[in-house]
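Residue numbers (the working numbering), protein chains in the order written: chain A, 1165 to 1305; chain B, 14 to 161.
We put the CB at the ideal spot given by N, CA and C, even for glycine.
So the structure is just underneath, and the comments pick up after that.
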Amino acid sequence: MTGSTDLGTLAVGDVVAEAAFPLTRDSLVRYAGASGDFNPIHYRDDVAVSVGLPGVLAHGMLTMGLAVQPVSDWVGDPGRILDYQVRFTRPVVVDPESGAEVLVVAKVGKLDTEAGQARIDLTVTVGEQTVLGKAQALVRL
Amino acid sequence: MPINPDIVGRALEPTAPYLVGREKIREFSRAVFATNPINLDPAAAQAAGYRDVVAPPTFPIVIQQLTLDQLLAEPDAGIDFSRVVHGDQRFSYTRPIVAGDELTGRLTVTSVKTLAGNSMVTAETVVADASGEHVVTAISTLVVRAED
């Protein structure tokens, strides 16, 4: 779902996009190959457990990468994203059978009509718990 | 071993040029669930004014990772890779990365802190194209967890 990108009709608090991303172990292997991050905590249960983790985790950068996609689709052109930041606050455990579902809600956090820019704040959750903090994308409209 | 605070301000050598391939961008796009045709289809990217397919916003991590590997390999940095977790990440763009770009990254350590036994190092990687123009700055904070 995506809403209007007209700066004149947007208001702080408006939800501009939302999406659900079903992650599986396959998603993690795919991201490992694409990014070159082959840390085994992202695909080996025994290694994850041996370093004290609850299980195999999604790469933080995978969560960050997918969370901005609804914004990218909303603005239409990834080149309109001027700045993007997140804090990794909680690991995303990906069950070997059921995976994990990442939900993203993108809201207008701040508007600068003079500069033609909006700050989009992302709420990123897995099973009701937020997994990213201060997830913000600055976009040019 | 804590992170050596003397590494603040250190700038590493620029990385060897990384040629961004079209298929690499498509592979990365699929991996981060990007479905925008500008990321995948050269004709759509050209219609939007780009030379070729455009990388998703987090693709610069591929270049930054090369520079973080350099940092971890600095003999006096004192960063224990097995205890590192990613704390936060930021990208500030001048323009998006496009297939055909030849990019180099140059890392500077901007801060080292210790908090409750955990050490944090913040590193800023400036990514430039073959003509030396700024493309994106990637900023990572790595947390080195305290010994158990």
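Cutoff 6 Å; reference residue i; Cβ partners in own chain excluding five residues on either side
{"i": "Ser153(B)", "result": "Gln102, Ala136"}
{"i": "Val156(B)", "result": "Val98, Gly100, Asn131, Met133"}
{"i": "Pro1218(A)", "result": "Val1257"}
{"i": "Leu1267(A)", "result": "Ala1184, Thr1289"}
For residue i, three-class secondary structure by DSSP
{"i": "Leu53(B)", "result": "helix"}
{"i": "Ser1236(A)", "result": "helix"}
{"i": "Ala112(B)", "result": "coil"}
{"i": "Arg35(B)", "result": "helix"}
{"i": "Leu1305(A)", "result": "coil"}
{"i": "Leu1187(A)", "result": "strand"}
{"i": "Gly1273(A)", "result": "strand"}
{"i": "Met1165(A)", "result": "Since pLDDT at Met1165(A) reaches only 49, below the 50 mark, its modelled position is unreliable, and the value read off the structure follows with that caveat. DSSP places Met1165(A) in coil when its eight states are reduced to three."}
{"i": "Ile20(B)", "result": "helix"}
{"i": "Arg119(B)", "result": "strand"}
{"i": "Leu84(B)", "result": "helix"}
{"i": "Ala1231(A)", "result": "helix"}
{"i": "Asp1209(A)", "result": "helix"}
{"i": "Val140(B)", "result": "strand"}
{"i": "Glu26(B)", "result": "coil"}
{"i": "Arg1194(A)", "result": "helix"}
{"i": "Ile1284(A)", "result": "strand"}
{"i": "Gly1297(A)", "result": "strand"}
{"i": "Phe1202(A)", "result": "coil"}
{"i": "Phe72(B)", "result": "coil"}
{"i": "Leu1174(A)", "result": "coil"}
{"i": "Arg1251(A)", "result": "strand"}
{"i": "Ala1264(A)", "result": "strand"}
{"i": "Gly1224(A)", "result": "helix"}
{"i": "Glu40(B)", "result": "helix"}
{"i": "Gly145(B)", "result": "coil"}
{"i": "Arg96(B)", "result": "helix"}
Residue from the options whose Cα sits closest to the Cα of residue i
{"i": "Ile1205(A)", "options": "Val1215(A), Ser1199(A), Ala1198(A)", "result": "Val1215(A)"}
{"i": "Glu160(B)", "options": "Phe41(B), Asp82(B), Phe94(B), Ile51(B)", "result": "Phe94(B)"}
{"i": "Tyr1195(A)", "options": "Met1225(A), Val1176(A), Ala1212(A)", "result": "Met1225(A)"}
{"i": "Tyr31(B)", "options": "Gln78(B), Arg108(B), Val45(B)", "result": "Gln78(B)"}
{"i": "Ala90(B)", "options": "Ser124(B), Thr107(B), Asn49(B)", "result": "Ser124(B)"}
{"i": "Pro1186(A)", "options": "Leu1174(A), Asp1178(A), Val1180(A), Ala1231(A)", "result": "Ala1231(A)"}
{"i": "Val122(B)", "options": "Thr107(B), Gly145(B), Asp82(B), Pro109(B)", "result": "Asp82(B)"}
{"i": "Asp54(B)", "options": "Asp1241(A), Tyr1207(A), Tyr1248(A), Val1176(A)", "result": "Asp1241(A)"}
{"i": "Gly1263(A)", "options": "Gln1249(A), Ala1222(A), Leu1174(A)", "result": "Ala1222(A)"}
{"i": "Pro50(B)", "options": "Glu1182(A), Asp1237(A), Val1213(A), Thr1188(A)", "result": "Asp1237(A)"}
{"i": "Thr114(B)", "options": "Phe41(B), Val66(B), Ala56(B), Ala44(B)", "result": "The residue asked about is misnamed: residue 114(B) is Asp in this sequence, not Thr. Selected option, being the one with the closest Cα: Val66(B)."}
{"i": "Arg158(B)", "options": "Ile110(B), Arg96(B), Gly145(B)", "result": "Arg96(B)"}
{"i": "Arg1254(A)", "options": "Lys1298(A), Asp1178(A), Thr1188(A), Asp1285(A)", "result": "Lys1298(A)"}
Contacts around residue i, its chain only, beta-carbon distance under 8 Å, and the 5 residues preceding and following it disregarded
{"i": "Arg1244(A)", "result": "Val1303, Arg1304, Leu1305"}
{"i": "Asp1209(A)", "result": "Gly1219, Val1220, Pro1260"}
{"i": "Glu87(B)", "result": "Ile20, Arg23, Leu25"}
{"i": "Gly1172(A)", "result": "Thr1277"}
Same chain, Cβ closer than 7 Å to residue i, neighbours up to 5 away in sequence not counted
{"i": "Val1211(A)", "result": "Pro1204, Ile1205"}
{"i": "Asn17(B)", "result": "Asp89, Ala90, Gly91"}
{"i": "Phe46(B)", "result": "none"}
Cβ neighbour criterion (16 or more within 10 Å) applied to residue i
{"i": "Asp19(B)", "result": "exposed"}
{"i": "His147(B)", "result": "exposed"}
{"i": "Thr150(B)", "result": "buried"}
{"i": "Gly1229(A)", "result": "buried"}
{"i": "Leu128(B)", "result": "exposed"}
{"i": "Met1165(A)", "result": "Legend: pLDDT at Met1165(A) = 49, less than 50; position of this residue unreliable, no value from coordinates given."}
{"i": "Asp1190(A)", "result": "exposed"}
{"i": "Ser42(B)", "result": "buried"}
{"i": "Ala1270(A)", "result": "buried"}
{"i": "Val1239(A)", "result": "buried"}
{"i": "Thr48(B)", "result": "exposed"}
{"i": "Thr71(B)", "result": "buried"}
{"i": "Ala1175(A)", "result": "exposed"}
Contact with chain C by residue i, beta-carbon distance below 9 Å
{"i": "Pro1242(A)", "result": "Protein chains in the displayed structure are A and B, and chain C is not among them."}
Residue i beta carbon near the ligand FAD (any heavy atom closer than 8 Å)
{"i": "Pro1260(A)", "result": "Within the structure as shown, the ligand FAD is missing, as the structure has no ligands at all."}
- Message: Count Cβ pairs between the segment 1196–1203 of chain A and the segment 1277–1288 of chain A that sit closer than 8 Å; are there 3 or more?
- Response: no
Requested in this report: Would you check if the segment 30–37 of chain B and the segment 1290–1300 of chain A touch, i.e. whether three or more CB-CB distances between them fall below 8 Å?
Outcome: no
Review point. Should the segment 60–71 of chain B be regarded as contacting the segment 20–27 of chain B, the criterion being three or more beta carbon pairs within less than 8 Å?
Key: no
The segment 138–148 of chain B / the segment 103–120 of chain B touching (three or more Cβ pairs under 8 Å)
yes
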